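Asks:
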Amino acid sequence: MYPGAKITADPRPGYTRITPFSLPPRQEPAGTNGRAPVFIITGEQGQCKTTFLHLVLGLIVGANVRIRGVLAPGHVRDGRRSGFTLVDLATGEHEELSSVDPDPRCEVHGRFYFRPEGLAFGRRALAPPNPRETDLMAIDEVGRFELQGAVWADQIDRLVSLSHPPMVWTVRRRLLDTVIERWKITNPVVVDVRSASVMATAGDVMDAVWEWREAQTASAVPVSPFSPGRIAEGPPLLADAAAGASPGAPSIFRRRYGPEG
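Counting in our numbering, the sequence shown runs from 39 upward without gaps.
1) By the 10 Å Cβ neighbour count, where 16 or more other Cβ atoms means buried, how is residue 104 classified, buried or exposed?
2) At what residues does the beta strand (DSSP E) containing residue 12 begin and finish?
3) Assign residue 164 to one of three DSSP states: helix, strand, or coil.
4) Any chance the CB of residue 121 is under 6 Å from a heavy atom of the ligand MG?
5) Restricting to Cα atoms, I'd like to know which of 214, 233, 133, 238 is closest to residue 180.
6) Ends of the alpha helix (DSSP H) at residue 92?
7) Taking a contact to mean a Cβ-Cβ separation below 7 Å, would you say residue 178 touches residue 88 in this structure?
8) Tell me which same chain residues have a C-beta within less than 6 Å of the C-beta of residue 112, skipping the five on either side of it?
9) Does the distance from the CB of residue 236 to the CB of residue 78 come in under 7 Å?
10) Please confirm if the stretch 84-100 is in contact with the stretch 137-155, defined as three or more CB-CB distances below 8 Å between the two stretches.
11) Which same chain residues, not among the five before or five after residue 76, have their C-beta less than 6 Å away from its C-beta?
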């Protein structure tokens with residue numbers, strides 16, 4: 039853990055709240071919520087961080103939550119990771135991001151060849167959001183290439199420098215402290231996939247989204263209107279997960295944002 043950090047006990051399994059005393063708070067524009075949390079889903083390679091994120095987003099996508107960002111499901115060949123596909127969470131469109139197959143057109147990071155089309159696709163998806171049109175940003179994943187200044191590093195730099203909505207990142211456990219320190223995340227909520235509940239995590243993310251929306255409304259920032267009772271159509275990748283939600287799920291998941299925010 040980096041110097042000056044304080045670990046705050048959390049009664050829920052798999053949760054840790056970290057308050058880094060040594061990091062001064064960023065100045066946020068007037069009327070915005072400067073405390074929007076960054077949820078960090080963490081685990082080792084192969085411990086289903088992407089799947090956990092997918093399930094969390096699937097639970098909330100039907101509640102008119104406007105999600106932006108990327109999901110990066112991986113591919114396996116002969117028992118080893120062989121590449122990644124990128125999904126734009128705002129549109130459901132997808133693009134091949136990287137592969138272990140050599141390609142002279144590609145950027146090489148580690149043993150992966152990153153396609154220029156995939157990088158451009160991801161950078162567009164991770165452009166700074168309009169706070170009037172975005173409730174949640176997701177980045178799967180923030181890893182060693184970003185820590186080296188590559189892939190999504192510039193996009194993350196811009197996101198954390200601005201007032202932003204709640205965010206959800208996936209990060210390997212061994213890189214967790216380095217990522218928090220590198221981007222000076224002053225209010226991380228660390229979610230350990232080994233023991234955390236998808237349902238509880240989705241509930242906390244929804245609470246953060248609700249607070250964000252209320253802050254935008256209170257500051258007189260106009261919010262894109264929704265028809266009463268309208269259920270947003272999420273990207274196909276998330277729709278399957280949302281369809282599996284129980285009718286008895288906590289009311290926070292069944293809340294529909296209307297014109298009042």
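Yeah, the Cβ is synthetic: ideal placement off N, Cα and C, and Gly gets one too.
Remember, it's a predicted structure, so these values are computed and weren't measured experimentally.
Replies: Once the coordinates are examined:
1) buried
2) An answer regarding residue 12 cannot be provided, because it is not within the stretch 39 to 299 covered by the chain.
3) coil
4) With respect to the ligand MG, the structure shown offers nothing to examine, as it has no ligands at all.
5) 214
6) 87-98
7) yes
8) 119, 122
9) no
10) no
11) 205, 223, 226
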